[in-house]
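Everything on this sheet refers to the single structure shown next.
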Amino acid sequence: MLYSDTQSHREIQEAIEKLCTRFDDDYWLQQDQEGTFPHEFHRAVAAGGWLGIAMPVEHGGSGLGISEAAIMMRAIAQSGAGMSGASAVHINIFGLQPVVVSGTAAQKARMLPPLIRGEEKACFAVTEPDAGLNTTKIATRAERVGDRYRITGQKIWISTAQVADRALILARTGAPTPEKKTAGLSLFYAPLDRSRVEVREIRKMGRSAVDSNMLFFDGMEVPAEDLIGTEGAGFRQILHGLNPERILIAAEAVGLGHAAIRKACQYARERVVFDRPIGEYQAIQHPLAKCWMNLEAAWLMALRAAALYDAGAECGAEANSAKYLAAEAAHAACETAILSHGGMGYSAEYHVERYLRESYIPRIAPVSAQMIMNFIGEKVLGLPRSY
Numbered sequence: 009m010l011y012s013d014t015q016s017h018r019e020i021q022e023a024i025e026k027l028c029t030r031f032d033d034d035y036w037l038q039q040d041q042e043g044t045f046p047h048e049f050h051r052a053v054a055a056g057g058w059l060g061i062a063m064p065v066e067h068g069g070s071g072l073g074i075s076e077a078a079i080m081m082r083a084i085a086q087s088g089a090g091m092s093g094a095s096a097v098h099i100n101i102f103g104l105q106p107v108v109v110s111g112t113a114a115q116k117a118r119m120l121p122p123l124i125r126g127e128e129k130a131c132f133a134v135t136e137p138d139a140g141l142n143t144t145k146i147a148t149r150a151e152r153v154g155d156r157y158r159i160t161g162q163k164i165w166i167s168t169a170q171v172a173d174r175a176l177i178l179a180r181t182g183a184p185t186p187e188k189k190t191a192g193l194s195l196f197y198a199p200l201d202r203s204r205v206e207v208r209e210i211r212k213m214g215r216s217a218v219d220s221n222m223l224f225f226d227g228m229e230v231p232a233e234d235l236i237g238t239e240g241a242g243f244r245q246i247l248h249g250l251n252p253e254r255i256l257i258a259a260e261a262v263g264l265g266h267a268a269i270r271k272a273c274q275y276a277r278e279r280v281v282f283d284r285p286i287g288e289y290q291a292i293q294h295p296l297a298k299c300w301m302n303l304e305a306a307w308l309m310a311l312r313a314a315a316l317y318d319a320g321a322e323c324g325a326e327a328n329s330a331k332y333l334a335a336e337a338a339h340a341a342c343e344t345a346i347l348s349h350g351g352m353g354y355s356a357e358y359h360v361e362r363y364l365r366e367s368y369i370p371r372i373a374p375v376s377a378q379m380i381m382n383f384i385g386e387k388v389l390g391l392p393r394s395y
């Protein structure tokens with residue numbers, strides 16, 4: 009059996025729910041409207057020791073798995089924090105898995121504890137304007153000069169860079185080869201020197217509380233000791249973060265969808281039209297019931313993927329499927345919640361319009377629905393590569 013609802017899992021759920029009660033709907037609405045990072049929430053999660061839930065015990069973490077992290081992230085989003093709350097701590101949970109797997113003992117001792125304690129914030133700088141999902145086309149370069157590297161290039165859609173102290177950066181230190189397109193990519197975890205990198209925020213339709221940015225590196229110097237593993241191994245190293253990220257995005261999407269359904273059901277019980285609560289009408293009941301079932305099905309796939317990952321088994325198909333299913337289910341749930349509210353669903357006061365705006369994030373990032381279907385078609389169904 010790959011997953012069971014254990015007492016420890018229920019305790020994680022309950023503890024996170026209790027923590028999140030300190031940050032109500034009005035808090036998240038204000039953060040969204042003002043576009044300010046939820047520092048108070050981040051500090052509370054750090055103080056509770058939750059930022060290190062999937063990090064090694066010897067460096068201050070809890071030593072648990074992605075299964076437990078998924079439960080935590082779903083609970084955060086489901087509390088009403090949505091993607092804003094989840095994204096505020098998202099990178100801390102999975103982002104430094106490449107350091108955990110490939111870093112030296114000295115690097116782990118230096119890099120992990122400040123992140124786990126909440127003393128440092130990090131961002132994940134991989135995506136580039138001209139490369140998109142084709143990571144082998146990354147052009148940002150890291151040139152070795154003595155005992156340092158100089159990084160020059162651009163990154164895009166980098167979350168939390170406005171508040172980050174460090175960045176996990178994928179850059180090219182060598183050329184790809186005809187035999188291996190992923191050759192020549194190296195991974196660094198380095199201080200974000202703002203005198204040598206411009207962080208330009210991108211205005212967007214949702215999740216305004218957590219910034220998204222373009223980064224322009226102009227010869228930013230990185231100590232050689234901040235290279236993770238060996239030169240040229242960066243692509244393989246970031247894979248240790250990709251499947252966990254998909255699993256956690258799926259968990260967050262499920263939580264967001266359930267938050268929307270909860271709001272819709274509350275409204276449907278209270279709103280009286282034609283002398284009866286609108287929740288009595290099957291035109292309201294049935295779409296909400298369908299959304300709940302789809303969210304729960306997506307959650308089971310996320311748990312299966314997490315259990316496989318924690319067991320050290322291959323989980324690419326399950327992680328990608330979970331992300332796809334959860335994103336679609338969450339978007340449908342958020343749309344249904346708005347329609348269940350009628351005109352009031354369009355009002356910021358009822359929060360569901362904020363949820364709908366945020367529901368586009370898991371549909372788009374970190375990989376598109378179309379690329380997931382390409383992956384399943386090729387890797388699972390054995391069909392010819394389509395791109």
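For the sequence shown, the numbering used here assigns the number 9 to the initial residue and increments by one for each residue that follows. Note that CB positions come from ideal geometry on N, CA and C, so glycine has one too.
Residue i versus residue j: straight-line alpha-carbon distance, rounded
{"i": "Leu27", "j": "Asp34", "result": "16 Å"}
{"i": "Ala179", "j": "Met213", "result": "29 Å"}
{"i": "Gln15", "j": "Thr135", "result": "39 Å"}
{"i": "Ala340", "j": "Gly265", "result": "8 Å"}
{"i": "Leu375", "j": "Gly351", "result": "The residue asked about is misnamed: residue 375 is Val in this sequence, not Leu. Those two C-alpha atoms are separated by around 33 Å."}
{"i": "Met9", "j": "Tyr317", "result": "For Met9, the predicted structure reports a pLDDT of 43, less than 50, and the residue's modelled location is therefore unreliable. The matter cannot be settled from this model."}
{"i": "Asn251", "j": "Val280", "result": "45 Å"}
{"i": "Phe49", "j": "Gly57", "result": "13 Å"}
{"i": "Ile257", "j": "Trp307", "result": "11 Å"}
{"i": "Leu59", "j": "Glu128", "result": "11 Å"}
{"i": "Ala313", "j": "Asn100", "result": "20 Å"}
{"i": "Ala377", "j": "Ala334", "result": "11 Å"}
{"i": "Asn302", "j": "Ile269", "result": "12 Å"}
{"i": "Lys188", "j": "Gln245", "result": "15 Å"}
{"i": "Glu357", "j": "Asp173", "result": "34 Å"}
{"i": "Ala198", "j": "Pro64", "result": "20 Å"}
{"i": "Ala259", "j": "Gly237", "result": "30 Å"}
{"i": "Ile380", "j": "Gln39", "result": "32 Å"}
{"i": "Ala319", "j": "Ile286", "result": "46 Å"}
{"i": "Ala330", "j": "Ile159", "result": "35 Å"}
{"i": "Ala23", "j": "Ser394", "result": "45 Å"}
{"i": "Glu239", "j": "Asp13", "result": "42 Å"}
{"i": "Ile61", "j": "Gly71", "result": "6 Å"}
{"i": "Asn382", "j": "Ala373", "result": "16 Å"}
Contact belief for residue i with residue j at Cβ below 8 Å, rounded distance in angstroms
{"i": "Ala147", "j": "Asp138", "result": "7 Å"}
{"i": "Leu364", "j": "Glu336", "result": "Not really, about 14 Å apart at Cβ, beyond 8 Å."}
{"i": "Ala325", "j": "Val388", "result": "5 Å"}
{"i": "Ile369", "j": "Asn328", "result": "Going by Cβ atoms, the distance from Ile369 to Asn328 rounds to 16 Å, so no, they are not a contact pair."}
{"i": "Gly68", "j": "Ile124", "result": "4 Å"}
{"i": "Val360", "j": "Ala276", "result": "About 12 Å separates the two Cβ atoms, so there is no contact after all."}
{"i": "Thr181", "j": "Ala150", "result": "5 Å"}
{"i": "Glu76", "j": "His17", "result": "7 Å"}
{"i": "Ser348", "j": "Leu296", "result": "7 Å"}
{"i": "Ile166", "j": "Leu223", "result": "5 Å"}
{"i": "Asn221", "j": "Arg208", "result": "6 Å"}
Reference residue i, options the options, closest by Cα
{"i": "Pro231", "options": "Phe224, Asn100, Met222 and Leu195", "result": "Leu195"}
{"i": "Leu176", "options": "Ala310, Leu193 and Lys331", "result": "Leu193"}
{"i": "Thr144", "options": "Pro186, Phe49, Pro285 and His67", "result": "Pro186"}
{"i": "Gly161", "options": "Ile246, Phe243, Phe225 and Tyr358", "result": "Phe225"}
{"i": "Phe45", "options": "Arg30, Ala62, Ala169 and Thr29", "result": "Ala169"}
{"i": "Arg82", "options": "Gln293, Lys189, Arg254 and Ser394", "result": "Arg254"}
{"i": "Val153", "options": "Ile269, Ser95, Val97 and Gly227", "result": "Gly227"}
{"i": "Ser87", "options": "Trp36, Ala117, Glu66 and Pro122", "result": "Trp36"}
{"i": "Ala191", "options": "Ser355, Ala241 and Ala55", "result": "Ala241"}
{"i": "Ala85", "options": "Met379, Ala261, Ser394 and Ala217", "result": "Ala261"}
{"i": "Ala96", "options": "Ser216, Glu22, Ile74 and Val207", "result": "Ser216"}
{"i": "Glu19", "options": "Ala130, Met80, Val108 and Ala114", "result": "Met80"}
Outcome for residue i when other beta-carbon atoms lying within 10 angstroms are tallied against a minimum of 16
{"i": "Gly93", "result": "buried"}
{"i": "Asp32", "result": "exposed"}
{"i": "Glu42", "result": "exposed"}
{"i": "Ala183", "result": "exposed"}
{"i": "Thr112", "result": "exposed"}
{"i": "Glu322", "result": "exposed"}
{"i": "Phe243", "result": "buried"}
{"i": "Leu120", "result": "buried"}
{"i": "Gly263", "result": "buried"}
{"i": "Asp219", "result": "buried"}
{"i": "Asp283", "result": "exposed"}
{"i": "Gly140", "result": "exposed"}
{"i": "Ala291", "result": "exposed"}
{"i": "Tyr332", "result": "buried"}
Residues bridged to residue i [DSSP beta-bridge criterion]
{"i": "Ser220", "result": "Ser167"}
{"i": "Pro285", "result": "Val280"}
{"i": "Gln5", "result": "Absent from the model: residue 5. The displayed extent of the chain is 9 to 395, so no value can be given."}
{"i": "Ala133", "result": "Ile177"}
{"i": "Arg149", "result": "Thr160 and Arg180"}
{"i": "Ser110", "result": "Note: Ser110 sits in no beta bridge, so no partner."}
{"i": "Arg208", "result": "Met222"}
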